[in-house]
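Q: In my numbering, the protein residues as written are 194 to 304. The beta-carbon is built from N, C-alpha and C at its ideal position, and this holds for glycine as well. Just passing along the structure, written as C-alpha cells.
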Amino acid sequence: MKIENQPNFVILTDEKDNISDFATFIESQVPSKYKGQNVILNLLQYDSLDLGELLLFLKVSNLHRKTKQSFVIVNDAISIDEIPYEMIVVPTLEEAGDIIEMEEIERDLGF
C-alpha cells in the first residue's frame, strides 16, 4: 500500500491490484492506524470497479465516519447512481480533498 500524507488527510493507494485483499487490509488498518485522520482511498486504478467491489469498503467507511472523520473513495468507473448514499465516492483526488475540506467546515460549525 502506498501512503501519502497531506496536511488534512492521508491518501491510501493499493499497489497489488487485488480489490478484495485491499479491502480486507484497509478494514484491519484504518480503525487503528488512521484513527483521528481523514482518509482518501485512491481506487482510480480499478477502471472496471463494480458495486459489489465497492461495497467491500462499506463497513470501514461507516465505522470511520462514525468517529467524525472523513472517508472518501476516489474512483471514476462506477456510476454515481449505483453508489449507496452512505458512501462518498468522487471521480478525482482533487474532489476528494474538496469534500474533506467541506466536511471539516461542517464539523467545525457543529453539523
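Identify the continuous beta strand (DSSP E) that holds Phe202 and give its terminal residues.
A: As a working mapping, residue 202 is identified with position 9 in the sequence shown. Phe202 -> beta strand (DSSP E) spans 202 to 206.
Q: Run the CB neighbour count on Ile271, radius 10 Å, all protein chains shown included, and call it buried at 16 or more, exposed below.
A: Counted from its first residue, the sequence shown places residue 271 at position 78. With 16 or more other Cβ atoms within 10 Å, it is buried.
Q: For the alpha helix (DSSP H) that contains Asn255, what are its first and last residues?
A: Sequence index remark: in the sequence shown, residue 255 carries index 62 (1-based). Here the alpha helix (DSSP H) through Asn255 covers 251 to 259.
Q: Looking at the unbroken alpha helix (DSSP H) that takes in Lys226, where does it start and where does it end?
A: Taking the sequence shown and counting its residues from 1, the one referred to as residue 226 is at position 33. Run containing Lys226: 212 to 226, per the alpha helix (DSSP H) assignment.
Q: Using only alpha-carbon positions, find the residue among Leu234, Thr217, Asn201 that is nearest to Leu286.
A: The residue you call residue 286 lines up with position 93 of the sequence shown. Taking only the C-alpha atoms, the option nearest Leu286 is Leu234.
Q: What's the gap between the Cα of Leu237 and the Cα of Pro284?
A: On the sequence shown, residue 237 is found 44 positions in, with the first residue counted as 1. On the sequence shown, residue 284 is found 91 positions in, with the first residue counted as 1. The alpha-carbon atoms of Leu237 and Pro284 are separated by roughly 8 angstroms.
Q: To the nearest angstrom, how far is it from the Cα of Leu244 to the Cα of Asn255?
A: Position 51 of the sequence shown holds residue 244. Position 62 of the sequence shown holds residue 255. Computed Cα separation, rounded: 16 angstroms.
Q: Could you spell out where the alpha helix (DSSP H) holding Leu247 opens and where it closes?
A: Working through the sequence shown from its first residue, we reach residue 247 at position 54. Here the alpha helix (DSSP H) through Leu247 covers 244 to 247.
Q: In angstroms, rounded to a whole number, what distance separates the CA positions of Lys226 and Glu208?
A: On the sequence shown, position 33 is the one that residue 226 refers to. On the sequence shown, position 15 is the one that residue 208 refers to. The alpha-carbon atoms of Lys226 and Glu208 are separated by roughly 18 angstroms.
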